[in-house]
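With the numbering used here, letter number 22 in the first sequence gets 22, and the count goes up by one each step, no holes. Backbone N, C-alpha and C fix where the C-beta goes; we use that ideal spot for every residue, glycine too. Data block below; observations after.
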Amino acid sequence: MKNSPDFAEKVIEAVMRIPRGKVTTYGALATFCGSPKSARYVGSLLKMSRYSSFNLPAHRVVNRHGMLTGQAFFDHEYSMKKRLEEEGVQVENNQVVNFTHLFWQPIEPL
DNA sequence: CGGATGACGGGTC
DNA sequence: AGACCCGCCATCC
């Protein structure tokens with residue numbers, strides 16, 4: 001499942017569904033997409049998606065502590081933090097404020 | 001081809 | 001609470 005394109009497609013779809021103003025985690029996406037141990041790979045996919053034609057809200061994906069571990073891969077002028085704050089998500093000390101309340105659990109489409 | 005490298009996470013101490 | 005360790009697995013070199 002991990003090495004299948006199916007997993008990657010699911011991750012892409014799930015990320016696209018993250019609502020504005022909410023965040024989720026690499027682990028939650030990996031688990032939801034059928035490979036709980038591939039959280040690390042989810043990060044790789046998001047990184048690679050930068051060079052694809054996908055336009056993903058990757059700034060809404062943080063680690064299990066709500067930290068913005070991917071910020072280095074965004075433009076300095078239009079950072080991960082800026083994108084989040086633009087949606088009303090407060091970021092303090094490299095971490096999402098009120099993370100547990102803003103956490104969005106990936107779910108199947110209706 | 002094999003070891004190093006992570007946008008990670010769970011368990012331990 | 002927080003630091004640390006270790007399994008994980010596609011890519012990178």
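Enclosing alpha helix (DSSP H) for residue i [first to last residue]
{"i": "residue 18", "result": "Run containing residue 18: none; DSSP gives neither H nor E here."}
{"i": "residue 58", "result": "Taken as a continuous stretch (DSSP letters only), residue 58 belongs to no alpha helix (DSSP H), as it is neither H nor E."}
{"i": "residue 101", "result": "99 to 102"}
{"i": "residue 84", "result": "80 to 86"}
Residue i classed as buried or exposed, judged by whether at least 16 other C-beta atoms fall within 10 angstroms
{"i": "residue 25", "result": "buried"}
{"i": "residue 110", "result": "With a pLDDT of only 49 at residue 110, under the threshold of 50, the placement of this residue in the model should not be trusted; the figure read from the coordinates follows. The residue is exposed, with fewer than 16 neighbouring Cβ atoms inside 10 Å."}
{"i": "residue 23", "result": "buried"}
{"i": "residue 107", "result": "exposed"}
{"i": "residue 9", "result": "exposed"}
{"i": "residue 78", "result": "exposed"}
{"i": "residue 14", "result": "buried"}
{"i": "residue 52", "result": "exposed"}
{"i": "residue 112", "result": "In the structure as shown, the chain begins at 1 and stops at 110. Residue 112 is therefore absent and cannot be evaluated."}
Residues near residue i by beta carbon distance below 7 Å, same chain, minus five either side
{"i": "residue 80", "result": "59, 68, 70, 71, 74"}
{"i": "residue 94", "result": "67, 68"}
{"i": "residue 50", "result": "73"}
Spatially closest choice to residue i from the options, by CA coordinates
{"i": "residue 7", "options": "23, 38, 48, 16", "result": "38"}
{"i": "residue 55", "options": "106, 16, 28, 77", "result": "16"}
{"i": "residue 19", "options": "88, 4, 46", "result": "88"}
Proximal residues to residue i (C-beta, below 8 Å), its chain only, five neighbours per side dropped
{"i": "residue 99", "result": "23, 62, 65, 66"}
{"i": "residue 29", "result": "11, 14, 15, 39, 42, 61, 106"}
{"i": "residue 82", "result": "none"}
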